[in-house]
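Residues in the sequence shown are numbered from 1 upward in steps of one, following the numbering used here. Let me begin by presenting the structure, written as structure tokens, before commenting on it.
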Amino acid sequence: MLGICAFIQSFVVNAIFPVGLSTLEKRFKMTSTHTGIISSWYDFAVLLVVFPVCHWGNSGHKGQWIGWGGVVMALGSLVCAMPHWLISPYRPEHSEFNTTDFGQCTYRDIEPEHCDKASISSYLNPYFLLFVLGQTLHGVGSTPLFSIGTTFIDENVSQKASPVYL
1 MLGICAFIQS
11 FVVNAIFPVG
21 LSTLEKRFKM
31 TSTHTGIISS
41 WYDFAVLLVV
51 FPVCHWGNSG
61 HKGQWIGWGG
71 VVMALGSLVC
81 AMPHWLISPY
91 RPEHSEFNTT
101 DFGQCTYRDI
111 EPEHCDKASI
121 SSYLNPYFLL
131 FVLGQTLHGV
141 GSTPLFSIGT
151 TFIDENVSQK
161 ASPVYL
């Protein structure tokens, strides 16, 4: 069961979320700085809670800590999915140019965009904050699995079978 949980956690954090970063940039009008912050927030959350989780988790019921970590991880996935449900369906901005055109300049009528630096209010975007919260919950939820999970297996499996489970 721990192996399935670890697979799902790795799939969500290392496969699904990074692949969707370009979609977040387009759909929610985020910059690569925004998506970089969202992506790195997982590691920051792990860093914040790893010592308390290891301390209290090793002195408490390890199975419950791992189980509640899985619940928190699932909540993080729901929070990360919420913006996709809350926003209207995606419509590309320049869809009228999405045709087969063999000319030299497909976007000849578009004015160059101004490259202003993002203001502080762009970091208060509710969708950005939901993704940060979701990644925080992913980090907090996965910490018991990888920090306490090894000890949990070692204590509940014979020494001969322990390497197979790890």
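All C-beta atoms in this analysis are idealised placements derived from N, C-alpha and C, irrespective of residue type, glycine included.
Inter-residue spacing [alpha-carbon to alpha-carbon] between residue i and residue j
| i | j | result |
| --- | --- | --- |
| residue 146 | residue 47 | 13 Å |
| residue 39 | residue 135 | 7 Å |
| residue 141 | residue 74 | 8 Å |
| residue 20 | residue 156 | 38 Å |
| residue 4 | residue 41 | 24 Å |
| residue 152 | residue 36 | 33 Å |
| residue 49 | residue 22 | 29 Å |
| residue 1 | residue 7 | 10 Å |
| residue 26 | residue 53 | 36 Å |
| residue 126 | residue 30 | 12 Å |
| residue 32 | residue 18 | 12 Å |
| residue 45 | residue 11 | 18 Å |
Opening and closing residue of the alpha helix (DSSP H) in which residue i lies
| i | result |
| --- | --- |
| residue 37 | 32 to 59 |
| residue 135 | 126 to 147 |
| residue 15 | Looking at the DSSP string, residue 15 is not in any alpha helix (DSSP H), and its letter there is neither H nor E. |
| residue 72 | 62 to 86 |
Whole-number beta carbon distance between residue j and residue i, since they are thought to touch under 8 Å
| i | j | result |
| --- | --- | --- |
| residue 79 | residue 130 | 6 Å |
| residue 57 | residue 65 | 4 Å |
Candidates the options: closest to residue i by CA position
| i | options | result |
| --- | --- | --- |
| residue 86 | 151, 4, 37 and 128 | 128 |
| residue 150 | 44, 18, 62 and 51 | 62 |
| residue 9 | 36, 27, 143 and 91 | 143 |
| residue 82 | 132, 44, 50 and 45 | 132 |
| residue 68 | 138, 154 and 89 | 138 |
| residue 14 | 28, 43 and 34 | 43 |
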